[in-house]
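Here is the structure we will look at.
What follows is the structure, given as structure tokens:
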């Protein structure tokens, strides 16, 4: 019936990875001394790791009422709110948690990821850059590489490819086989040599849409309609340009223009095929700044589809004004 002995038993089971037994002993400790803060913190963290978020939050909120400067508790409160998609409270908790120097980098990284989920990429970049600036020699290499990778993806979404490349290069210098960083650098290497491709990859959505219209014109098509599918994709309904004998009988086609660095896979071609069938489009044209997977090439061979990869796109861009 001694609260402290129950607490120490909880610690011992936690060290042996007996998490359920540890929770039981911490709970018994708190029954005997309900405001014992070390037990409140430990059981709160273990319940968070077990994804029992409501129970965990209850213990951790009790803790910060007693110790309002327990920043580790605030970190896990922020993680719980993040997992519950309560982003406002998550950001507020992480704001306090970053005062713990040992958690600062990780906390700033989590704040950045919350902003990404909220589609606030500029704010995310600010937090992730702060995380990188606060890295010291004691920081986990894996954590830093992951933060750099997320930051690069954030810059890529903002079409700030120059800054994204800087982060990928920093990662590559430490761990060349980290995720798909080598592939990313290879895909974007043309940006250093080809100004037209760089402008194409970094243009605003509106300018990108206009470039796509120019591409269609170069291929002797007129654009009947266009829409932005994403930052990396414009979809257009096209027809043979006026003056072309084929235009006497209109046969609308579907053109998609991509500027993402990943190869276009079969899934995208299937999606385009379904749209073509539904709307009775005569042909599909897919243009990308990267390449096509082997499966997508085989898929297109048996269907009315034309694939234009990075090399052919570069030649097109050299011949149009934007």
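In this note's numbering, the protein residues as written are 9 to 330. Cβ atoms here follow ideal geometry from the backbone N, Cα and C, with glycine treated the same way. Please read these numbers as outputs of a predicted model, since none were measured by experiment.
Judged by DSSP in its simplified three-state form, residue 29 adopts helix. DSSP places residue 79 in no beta strand (DSSP E) but in the uninterrupted alpha helix (DSSP H) bounded by 79-91. Of the residues assessed, residue 314 falls on the exposed side of the cut-off, its CB having fewer than 16 other CB atoms within 10 angstroms. For residue 46, the closest C-alpha among the options 300, 13, 153, 25 is that of 13. In this structure, the CA atom of residue 107 is about 16 Å from the CA atom of residue 87. Taking a cut-off of 8 Å on C-beta distances, the stretch 295-312 touches the stretch 205-224, as three or more cross pairs fall below it. Taking a C-beta distance under 8 Å as the contact criterion, residue 304 and residue 273 qualify as a contact pair. Between residue 262 and residue 69, the alpha-carbon positions lie close to 55 Å from each other. Here the stretch 72-83 makes no contact with the stretch 54-61; the two share fewer than three CB pairs at distances below 8 Å. Counting only runs that start and end inside the stretch 16-80, there is no beta strand (DSSP E) element of at least 3 residues.
Beta-bridge partners of residue 314 (DSSP): 293. Here residue 236 carries a strand assignment [DSSP, helix/strand/coil].
Nearest to residue 120 by alpha-carbon distance, out of 219, 319, 112, 134, is 134. It is roughly 32 Å from the alpha-carbon of residue 329 to the alpha-carbon of residue 127. Note on the stretch 253-286: whole beta strand (DSSP E) runs with a minimum of 3 residues are 261-266, in chain order. Scanning its chain for C-beta atoms nearer than 7 Å, with the 5 sequence neighbours on each side dropped, one finds around residue 30 the residues 18, 21, 22, 54, in chain order. A distance below 8 Å between beta-carbons, with the five flanking residues on each side excluded, links residue 209 to the following residues of its chain, in chain order: 167, 169, 196, 199, 267, 297.
If you ignore the 5 residues before and after residue 311, its C-beta comes within less than 7 Å of the C-beta of 281, all in its own chain and listed in chain order.
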